[in-house]
Amino acid sequence: MSKSNSVGIVKPKTFINSEPLKLDCGKTLESYELVYETYGALNRKKNNAILVCHALSGNHHLAGKYSTKDKYPGWWDNLIGPGKPLDTNKFFVIGVNNLGGSHGSSGPKTLNPKTKKIWGSKFPVVTVPDWVNSQKALINSLGITKLAGVLGGSLGGMQAIQWSIQYPECIKHAIVIAAAANLTAQNIAFNEVARQSILTDPDFNKGDYYIKNQIPKRGLRLARMLGHITYLSDDVMGTKFGRKIKNKSVKYKFDTEFEIESYLNYQADKFANEFDANTYIRMTKALDYFDPAQSNIKNLSNIFKKIRAEFLVISFTSDWRFSPDRSKEIVKALLDNKIKTSYAEIHASSGHDAFLMNDAHYHSILENYFKKIYKSL
Amino acid sequence: MKINQSKRADFQIISEWIGQNTKVLDLGCGDGALLNFLKTNNNIQGFGIEKDEKNWLLSLKNNIDVIQMDLEAGLSGFENNSFDIVILSKTLQAMHNIEEIMQEMLRVGNEVIITFPNFGYWKDRLQIMLGHMPISDELPYQWYNTPNIHLCTLSDFDQFCHKHKMKVLDRLVLTNNKPISVLPNLFGALALYRLIKK
Numbered sequence: 041m042s043k044s045n046s047v048g049i050v051k052p053k054t055f056i057n058s059e060p061l062k063l064d065c066g067k068t069l070e071s072y073e074l075v076y077e078t079y080g081a082l083n084r085k086k087n088n089a090i091l092v093c094h095a096l097s098g099n100h101h102l103a104g105k106y107s108t109k110d111k112y113p114g115w116w117d118n119l120i121g122p123g124k125p126l127d128t129n130k131f132f133v134i135g136v137n138n139l140g141g142s143h144g145s146s147g148p149k150t151l152n153p154k155t156k157k158i159w160g161s162k163f164p165v166v167t168v169p170d171w172v173n174s175q176k177a178l179i180n181s182l183g184i185t186k187l188a189g190v191l192g193g194s195l196g197g198m199q200a201i202q203w204s205i206q207y208p209e210c211i212k213h214a215i216v217i218a219a220a221a222n223l224t225a226q227n228i229a230f231n232e233v234a235r236q237s238i239l240t241d242p243d244f245n246k247g248d249y250y251i252k253n254q255i256p257k258r259g260l261r262l263a264r265m266l267g268h269i270t271y272l273s274d275d276v277m278g279t280k281f282g283r284k285i286k287n288k289s290v291k292y293k294f295d296t297e298f299e300i301e302s303y304l305n306y307q308a309d310k311f312a313n314e315f316d317a318n319t320y321i322r323m324t325k326a327l328d329y330f331d332p333a334q335s336n337i338k339n340l341s342n343i344f345k346k347i348r349a350e351f352l353v354i355s356f357t358s359d360w361r362f363s364p365d366r367s368k369e370i371v372k373a374l375l376d377n378k379i380k381t382s383y384a385e386i387h388a389s390s391g392h393d394a395f396l397m398n399d400a401h402y403h404s405i406l407e408n409y410f411k412k413i414y415k416s417l
Numbered sequence: 073m074k075i076n077q078s079k080r081a082d083f084q085i086i087s088e089w090i091g092q093n094t095k096v097l098d099l100g101c102g103d104g105a106l107l108n109f110l111k112t113n114n115n116i117q118g119f120g121i122e123k124d125e126k127n128w129l130l131s132l133k134n135n136i137d138v139i140q141m142d143l144e145a146g147l148s149g150f151e152n153n154s155f156d157i158v159i160l161s162k163t164l165q166a167m168h169n170i171e172e173i174m175q176e177m178l179r180v181g182n183e184v185i186i187t188f189p190n191f192g193y194w195k196d197r198l199q200i201m202l203g204h205m206p207i208s209d210e211l212p213y214q215w216y217n218t219p220n221i222h223l224c225t226l227s228d229f230d231q232f233c234h235k236h237k238m239k240v241l242d243r244l245v246l247t248n249n250k251p252i253s254v255l256p257n258l259f260g261a262l263a264l265y266r267l268i269k270k
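Just so you know, the protein sequences line up as chains A and B, in that order.
Whatever position you read off the first sequence (first residue = 1), add 40 for the working numbering.
Whatever position you read off the second sequence (first residue = 1), add 72 for the working numbering.
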């Protein structure tokens, strides 16, 4: 498998839509902008497009770099590129920053076109179905009527499911990784702790912190630390950090002494400087509200009746936030409808974050599935 | 891994048994060769179940819709009578809980097809008489590395079906890809059964 090739230097684009978007919360966005990137070329039939949906803290920058000076490439660069499992020599790959995001698309950080002021707390709560509607408008603008596939992990996988329900005729394949048909109470609980840590940070100022130029870093840091712990497994933390300490001996002080502490603090600082608190709150809300079966998993088979897409569902054995059992619920509802489905349960130690890892078997599955999609174009 | 399908008489027989345009679930589908054969010859809608990740990937490459799961955990992801045919090909002898998987197959499928190596085959009997565990084309393992833990003869399986209220619709026995009609429990190497609930 050739993994050396990169899509190279990339540039984000902006889709400006002046068509109003009615949201699940009852409000309407009169107009909005979506920042997106594309890799590879759209073929003449315009049937080789793969939409990649991002998870909680992701964005539209999937692969490549903005300049040679960039330290890191896009967040799914190990998967996407020429000769990589999602081969940009064959597919036209689209990454989009979701509404409410903090990387350029209309969100709390951007200007409300009506008031010409920063949205801040006034930016509405958006849901997975809202995102899918906005993504549909984007692909329409690119002249695409049917996507060859929608791919996503975690919250991204939920969007892939939603696409297959909301626009059954516009999606040929859904690739749903480390996802679930809705969140468990435990998952919602984790999200609420993360939200409360932000909401109760005095610098949060009810979401209108931009004017004062104070970022609720303490809250964001805590939210990220909690999230990070739950996205990993006990085993992988044990292997990576164990009880290793930073210095030769402990100091009996409240400084960070264990390596896991210093790792978490590093991740927290990095995140608090890059990510927007209002966005974090909205993303976790979108996760919590996603529930096509309306809290009755048995109802999922009925909801899935309208699906026309074929499915690849993948879970990871050590993922305890979106466990294999949750993926199996999706698979069962698909099989109840005799929808063409493949399901892989991958042995991995790294927990929920495994969906971003460069695992040979995992990537081989995706590579072969994309080959299958390409053959059927 | 391409198998010369014309040489697989068991594939031919299964193909004749299942009819056209049926919904087929193949348990332990391996590289998907049987399902591929049935897709071509019977235009079935087929799904495979495979636990082993290497075989799973081979099935995917063979364009089979394949679910990775362990049959020992039952078929709880499948509704009653949701398939026309459920197949268990050369896998029964390696399973722990035979009664449970048989009941599960009959719950999920309207009909069940089972194939297994016949332990009453004369070559197996001879090797045991000579003091050794049998090794043959159908049972190619040493006693210490065999996955086959529940071996039976045709007579044993007939009794099992009778006891568990399963009706045998068809039974065919093969040796070297040829049907055996005389003393099948002695001269037959591979058994094929088509069953329904009584």
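C-beta: ideal position from N, C-alpha, C; glycine also.
Beta-ladder partner(s) of residue i, from DSSP
| i | result |
| --- | --- |
| N57/A | Y72/A |
| D110/A | None, per the DSSP bridge assignment. |
| D242/B | R266/B |
| P189/B | L262/B |
| L110/B | Answer by DSSP bridge pairing: none, since L110/B is not bridged. |
| V138/B | G120/B |
| S404/A | None; S404/A has no bridge partner. |
| E350/A | H213/A |
| K250/B | T247/B |
Span separating the alpha-carbon of residue i from that of residue j
| i | j | result |
| --- | --- | --- |
| Q202/A | P332/A | 8 Å |
| D316/A | T324/A | 13 Å |
| G189/A | V254/B | 56 Å |
| G91/B | G391/A | 45 Å |
| H143/A | L74/A | 10 Å |
| K105/A | I49/A | 5 Å |
| K157/A | I255/A | 18 Å |
| L241/B | K269/B | 10 Å |
| M73/B | L139/A | For M73/B, the predicted model reports a pLDDT of 37, less than 50, meaning its position is unreliable; a value from the coordinates is still stated below. About 47 Å. |
| S146/A | C65/A | 16 Å |
| Q81/B | I343/A | Contrary to the premise, residue 81/B reads as Ala rather than Gln in this sequence. So the two alpha carbons sit approximately 42 Å from each other. |
| C233/B | L340/A | 37 Å |
Contacting residues, own chain, Cβ-Cβ under 6 Å from residue i (five flanking each side not counted)
| i | result |
| --- | --- |
| K67/A | P164 |
| Q165/B | F188, N220, H222, L223 |
| G247/A | G160, S161, N318 |
| A220/A | F362, R366 |
| P122/A | N45, T128, N129 |
| F150/B | V180 |
| P60/A | T68, E70 |
Proximity of residue i and residue j at Cβ, strictly below 8 Å
| i | j | result |
| --- | --- | --- |
| I173/B | M167/B | yes |
| L258/B | G192/B | yes |
| I321/A | I228/A | no |
| T94/B | I157/B | yes |
| R243/B | E183/B | no |
| R261/A | D328/A | no |
| K257/A | A312/A | yes |
| I90/A | A103/A | no |
| E314/A | I337/A | no |
| A218/A | D359/A | yes |
| I480/A | E350/A | Here chain A has residues from 41 to 417 only, and residue 480/A is not among them. |
| K109/A | E77/A | no |
Other residues of its chain near residue i: CB distance less than 8 Å, five sequence neighbours each side excluded
| i | result |
| --- | --- |
| Q307/A | R264, M265, H268 |
| W215/B | M205 |
| V290/A | E297 |
| S335/A | N222 |
| E209/A | K186, R348 |
Residues near residue i by beta carbon distance below 7 Å, same chain, minus five either side
| i | result |
| --- | --- |
| C101/B | L107, G120, I121, E122, S131, I136, V138 |
| N87/A | K186, A188, L417 |
| L63/A | L69, P164, V166, D170 |
| G141/A | N99, G147, T319 |
Local conformation of residue i per DSSP, three classes
| i | result |
| --- | --- |
| N76/B | Only weak support exists for where N76/B lies, its pLDDT of 46 falling under 50; the coordinates are left without a value. |
| L151/A | strand |
| T381/A | strand |
| K62/A | strand |
| H236/B | coil |
| V190/A | strand |
| L164/B | helix |
| L119/A | coil |
| D98/B | strand |
| G181/B | strand |
| G267/A | helix |
| I221/B | coil |
Closer than 7 Å: residue i CB and nearest the ligand MG heavy atom
| i | result |
| --- | --- |
| R235/A | No copy of the ligand MG appears in this structure; indeed no ligand is present at all. |
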